[in-house]
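Just below is one structure, and these are the notes that go with it.
Protein chains: 2
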Amino acid sequence: MSTHDERLEVGVTAPAGFRAAGATAGIKPSGAPDVALVVNDGPDATAAGVFTRNRVKAAPVLWSERVLAAGIVKAVVLNSGNANACTGKAGFGDTHATAEHVAARLGIGPADVAVCSTGLIGERLPVDKLLAGVDTAAKSLSRTGGGAAAEAIRTTDTRAKQVRLDGDGYVLGGMAKGAGMLAPALATMLCVLTTDAVADTDVLGDALREACRVTFERVDSDGCLSTNDTVLLLASGASGVSADPAELTDLVTAACADLAGQLLSDAEGATKDVTIEVVDAATEDDAVEVGRAIARNNLVKTALFGNDPNWGRILAAIGTTEARFRPDELDVAINGVWICRGGAAADDRAGVDLSGRAVSITVRLGAGSAAATVWTNDLTHGYVHENSAYST
Amino acid sequence: MSTHDERLEVGVTAPAGFRAAGATAGIKPSGAPDVALVVNDGPDATAAGVFTRNRVKAAPVLWSERVLAAGIVKAVVLNSGNANACTGKAGFGDTHATAEHVAARLGIGPADVAVCSTGLIGERLPVDKLLAGVDTAAKSLSRTGGGAAAEAIRTTDTRAKQVRLDGDGYVLGGMAKGAGMLAPALATMLCVLTTDAVADTDVLGDALREACRVTFERVDSDGCLSTNDTVLLLASGASGVSADPAELTDLVTAACADLAGQLLSDAEGATKDVTIEVVDAATEDDAVEVGRAIARNNLVKTALFGNDPNWGRILAAIGTTEARFRPDELDVAINGVWICRGGAAADDRAGVDLSGRAVSITVRLGAGSAAATVWTNDLTHGYVHENSAYST
Numbered sequence: 001m002s003t004h005d006e007r008l009e010v011g012v013t014a015p016a017g018f019r020a021a022g023a024t025a026g027i028k029p030s031g032a033p034d035v036a037l038v039v040n041d042g043p044d045a046t047a048a049g050v051f052t053r054n055r056v057k058a059a060p061v062l063w064s065e066r067v068l069a070a071g072i073v074k075a076v077v078l079n080s081g082n083a084n085a086c087t088g089k090a091g092f093g094d095t096h097a098t099a100e101h102v103a104a105r106l107g108i109g110p111a112d113v114a115v116c117s118t119g120l121i122g123e124r125l126p127v128d129k130l131l132a133g134v135d136t137a138a139k140s141l142s143r144t145g146g147g148a149a150a151e152a153i154r155t156t157d158t159r160a161k162q163v164r165l166d167g168d169g170y171v172l173g174g175m176a177k178g179a180g181m182l183a184p185a186l187a188t189m190l191c192v193l194t195t196d197a198v199a200d201t202d203v204l205g206d207a208l209r210e211a212c213r214v215t216f217e218r219v220d221s222d223g224c225l226s227t228n229d230t231v232l233l234l235a236s237g238a239s240g241v242s243a244d245p246a247e248l249t250d251l252v253t254a255a256c257a258d259l260a261g262q263l264l265s266d267a268e269g270a271t272k273d274v275t276i277e278v279v280d281a282a283t284e285d286d287a288v289e290v291g292r293a294i295a296r297n298n299l300v301k302t303a304l305f306g307n308d309p310n311w312g313r314i315l316a317a318i319g320t321t322e323a324r325f326r327p328d329e330l331d332v333a334i335n336g337v338w339i340c341r342g343g344a345a346a347d348d349r350a351g352v353d354l355s356g357r358a359v360s361i362t363v364r365l366g367a368g369s370a371a372a373t374v375w376t377n378d379l380t381h382g383y384v385h386e387n388s389a390y391s392t
Numbered sequence: 001m002s003t004h005d006e007r008l009e010v011g012v013t014a015p016a017g018f019r020a021a022g023a024t025a026g027i028k029p030s031g032a033p034d035v036a037l038v039v040n041d042g043p044d045a046t047a048a049g050v051f052t053r054n055r056v057k058a059a060p061v062l063w064s065e066r067v068l069a070a071g072i073v074k075a076v077v078l079n080s081g082n083a084n085a086c087t088g089k090a091g092f093g094d095t096h097a098t099a100e101h102v103a104a105r106l107g108i109g110p111a112d113v114a115v116c117s118t119g120l121i122g123e124r125l126p127v128d129k130l131l132a133g134v135d136t137a138a139k140s141l142s143r144t145g146g147g148a149a150a151e152a153i154r155t156t157d158t159r160a161k162q163v164r165l166d167g168d169g170y171v172l173g174g175m176a177k178g179a180g181m182l183a184p185a186l187a188t189m190l191c192v193l194t195t196d197a198v199a200d201t202d203v204l205g206d207a208l209r210e211a212c213r214v215t216f217e218r219v220d221s222d223g224c225l226s227t228n229d230t231v232l233l234l235a236s237g238a239s240g241v242s243a244d245p246a247e248l249t250d251l252v253t254a255a256c257a258d259l260a261g262q263l264l265s266d267a268e269g270a271t272k273d274v275t276i277e278v279v280d281a282a283t284e285d286d287a288v289e290v291g292r293a294i295a296r297n298n299l300v301k302t303a304l305f306g307n308d309p310n311w312g313r314i315l316a317a318i319g320t321t322e323a324r325f326r327p328d329e330l331d332v333a334i335n336g337v338w339i340c341r342g343g344a345a346a347d348d349r350a351g352v353d354l355s356g357r358a359v360s361i362t363v364r365l366g367a368g369s370a371a372a373t374v375w376t377n378d379l380t381h382g383y384v385h386e387n388s389a390y391s392t
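So the sequences go chain by chain: A and B. Residue numbers for the first sequence, in the numbering used here: 1 to 392. Residue numbers for the second sequence, in the numbering used here: 1 to 392.
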């Protein structure tokens, strides 16, 4: 009787064709695991990536963008503890050396190795430690190593984040790290998705971009864009099943939504998970702009921390946008109670129960039929503490 | 011997031709003064105004925009304790009634009465109380009432803010309220400037817009745009001296800068006054965009609260802008120490002394010769407390 049932496996090694491992390189002062490897044994090695839009990009992002431009990834090396961001040409050299080292250990080309880093900004990577950690990880690569890899990319995450979804004859797995963009200089979101479906680079790219657009890119915990954000999708083709592009897009979107929810609920310092639904908008862009303006408004976020259904602050946030609406036609509900109709007070605010962690804000713009959802957290003493008490 | 020396007077009654008063109407539960009147006795009554760009405008803003469109203001009535924002058509009616009442008491037309309100959002004004307070204030109008008026417009301000500057044969006075956009739902900035110079509406408007552009509009304490922000400039012409437009612009700018500094240093919850100077920019707009991105970045603001010279977060904030720069050419100094050169670590961060309240951040974009300065505060436990603990 086998102790390992592949049908129950979650994470990056759930699909066939992938091995992974986690190891301790000593980059983190805590001595926790801080290096992960994900290897695609094929037969295919198609891949797609989505990266931070921050113009100050960390060295591993600059490297991996080049790798992904060719559409082939045979291995991903990830480290936590140091982001290798704002480190200049020397930092890029460190990333290059890491890719070369991984390639040599695995007998592949360095141009097929993607690199991800997360942790302190502005300090050089301890490369010797990292390369030794890579050696350790390479020796323990296994078909069940996904969990160890997910552990090794944690920074202030209180738990590892993994997912598994089943397609029509193939499997999608994944892992992510990130404390909802709320952590101290450790805000980076990293995500690696794997599938044993057969899919070319274009299909993977389209699926991943659409999935990110409506999930990770609508999680706006504190409005701060990291220098290192990276989302990768790797296909091994080991199932022999060609993915239907529409089904694959749905599956990747569901996986990203699941992981985004895990990030948000683990956001450091947060006491509320806030879902902002903007409806009756003229366009989806309008709906997203309004949702994001509310999500980023510190006065709204502190009010939610204080269990205060302060719809006036929500209206003031909406008023900063260029979305199509008339102020005297705005309706706002918090947790189902329409406390604002036509831009003025409506149902009794005392009826709004904000005692739980989940908060739902609904805004009707009265300008059309488009809609979008944006997710955020509250702004708390825990956030200020996390981000002021730790020096980098 | 007179006990009143006009040469020492500060505030809105410093220039000739103005009377003012403060009174207690009972709008504030605390029983503190909450109604102010400023009256221009002429001979002129030219005026200009700058208002919030928030599209959700409070009723007094909608009213006063119409009044200022005609360029004549003979009186300003201001109340604290209630912002009359998000109150719909009924709220506009309350503002209209207030202007009518002031006009009747003073024997002027309601279309020459500007109205300003600050305080709670989303609740109707207690109009009966306000009108009774107006009667009290009207009875105590005096040439030395500027200080009482400045007191009466305070909300969470710990002190009244006034200014006086002398031009070539005329005087400029002013008062402001606002706790640096940091107060709980009471973020409104109100400012009334007065002068006894002779100046037509166009000259006043040009001077006020230019002054606001480089002062109040570059104070960005928490990025939240109020529904009620109003800055007014009234000229009585009582000195008989025609103001040179350039000198008047300089004087108004200096007065606004002085008041902006007073607002910032009184920002509730703040422990740092932060000056962000962006130099070597391709354009002034680029410099402002970069300064604002830094000023609004919660990770930068919490780092400053923690006395952490975290230049990596500053670079990440710069990277979110569309300003012209190359990441590997960015230099950053904090309190005079160039801790980042060429986008990477430079001088020792241990040399940065952040123990004081004043913090100076200098960013060199290396893209031209334009510059701009933006002012902000840190993000603190006090901010979260102020904005979460008080329910509106």
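Backbone N, C-alpha and C define an ideal beta-carbon position, used for all residues, glycine too.
- In the pairwise beta carbon analysis, the segment 24 to 42 of chain B is classified as not touching the segment 197 to 213 of chain B: fewer than three pairs are separated by under 8 Å.
- With distances taken between CA atoms, residue 345 of chain A lies nearest to B:86 out of B:295, B:157, B:86, B:238.
- Judged by DSSP secondary structure, residue 213 of chain A falls within the alpha helix (DSSP H) whose first and last residues are 201 to 214.
- By the Cβ test, the segment 66 to 75 of chain B is not in contact with the segment 269 to 276 of chain B, since fewer than three Cβ pairs between them sit closer than 8 Å.
- Using a Cβ-Cβ cut-off of 9 Å, residue 121 of chain B is close to 310, 311, 312, 313, 315, 316 of chain A, given in chain order.
- Here the segment 188 to 202 of chain B lies against the segment 169 to 176 of chain B, with 3 or more beta-carbon pairs under 8 Å apart.
- Note on residue 355 of chain B: under 16 other CB atoms within 10 angstroms of its CB, so exposed under the neighbour-count rule.
- With respect to the 8 Å criterion, residue 19 of chain A and residue 39 of chain A are classified as neighbours on the basis of their beta carbons.
- The DSSP-derived three-state label of residue 297 of chain B is coil.
- For residue 225 of chain A, the residues of chain B that pass the 9 Å Cβ criterion are 316, 317, 319, 320, in the order they occur in the chain.
- For residue 369 of chain B, DSSP assigns no beta-bridge partner whatsoever.
- Between the beta-carbon of residue 255 of chain B and that of residue 165 of chain B there is about 5 Å, and that keeps the pair under the 8 Å contact cut.
- Residue 137 of chain B is positioned such that its CB atom lies closer than 8 Å to that of residue 22 of chain B.
- Between residue 371 of chain B and residue 277 of chain B, the gap from beta carbon to beta carbon is short of 8 Å.
- In this structure, the alpha-carbon of residue 84 of chain B lies about 38 Å from that of residue 313 of chain B.
- Excluding residues up to 5 positions away in sequence, 370 lie with their Cβ nearer than 6 Å to the Cβ of residue 283 of chain B in the same chain.
- Under a criterion of Cβ atoms nearer than 8 Å, no residue of chain B is adjacent to residue 251 of chain A; the nearest Cβ is some 31 Å distant.
- Sequence-distant Cβ neighbours of residue 238 of chain B in its own chain, meaning closer than 6 Å and more than five residues away, are 16, 17, 196.
- Inclusion of residue 342 of chain A and residue 88 of chain B in the CB contact set at 8 Å is warranted, their separation being smaller than that value.
- Sequence-distant partners of residue 70 of chain A (beyond 5 residues in either direction) whose C-beta falls short of 7 Å from its own C-beta, in its chain, are 111.
- Residue 290 of chain A and residue 331 of chain A have their C-alpha atoms some 13 Å from each other.
- Under DSSP, residue 119 of chain B forms a beta bridge with B:81.
- Under the DSSP assignment, residue 234 of chain A falls in the beta strand (DSSP E) whose first and last residues are 230 to 235.
- Exposed is the label assigned to residue 158 of chain B, since fewer than 16 other Cβ atoms lie within 10 Å of its Cβ.
- Annotated as distal: residue 148 of chain B and residue 161 of chain B, with beta-carbon spacing of 8 Å or more.
- Cβ atoms of residue 232 of chain B and residue 114 of chain B come within 8 Å of each other, at about 6 Å.
- For the segment 369 to 383 of chain A, the beta-carbon criterion of a distance under 7 Å to any beta-carbon of chain B is satisfied by 379, 380, 381.
- Measuring C-alpha to C-alpha distances from residue 171 of chain A to each of A:352, A:364, A:33, A:251 identifies A:251 as the nearest.
- Counting only residues of its own chain and dropping the five nearest sequence neighbours on each side, residue 374 of chain B has a CB closer than 7 Å to the CB of 218, 220, 276, 288, 291, 292, 295.
- Proximity of chain A to residue 56 of chain B at the Cβ level (cut-off 8 Å) is accounted for by 315, 316, 318, 319, 327, 330, 343, in chain order.
- Secondary structure note for residue 89 of chain A: its alpha helix (DSSP H) is the uninterrupted segment 88 to 106.
- Taking CB atoms only, residue 125 of chain B has no neighbour in chain A less than 8 Å away.
- Rounded to the nearest whole angstrom, the C-alpha separation of residue 133 of chain A and residue 298 of chain B is 34 Å.
- Cα atoms of residue 228 of chain A and residue 253 of chain A: separation of roughly 21 Å, rounded to the nearest angstrom.
- Interface criterion not met: the Cβ of residue 116 of chain B is under 8 Å from no Cβ in chain A.
- Taking the C-beta atoms as reference points, residue 116 of chain B is found nearer than 8 Å to residue 78 of chain B.
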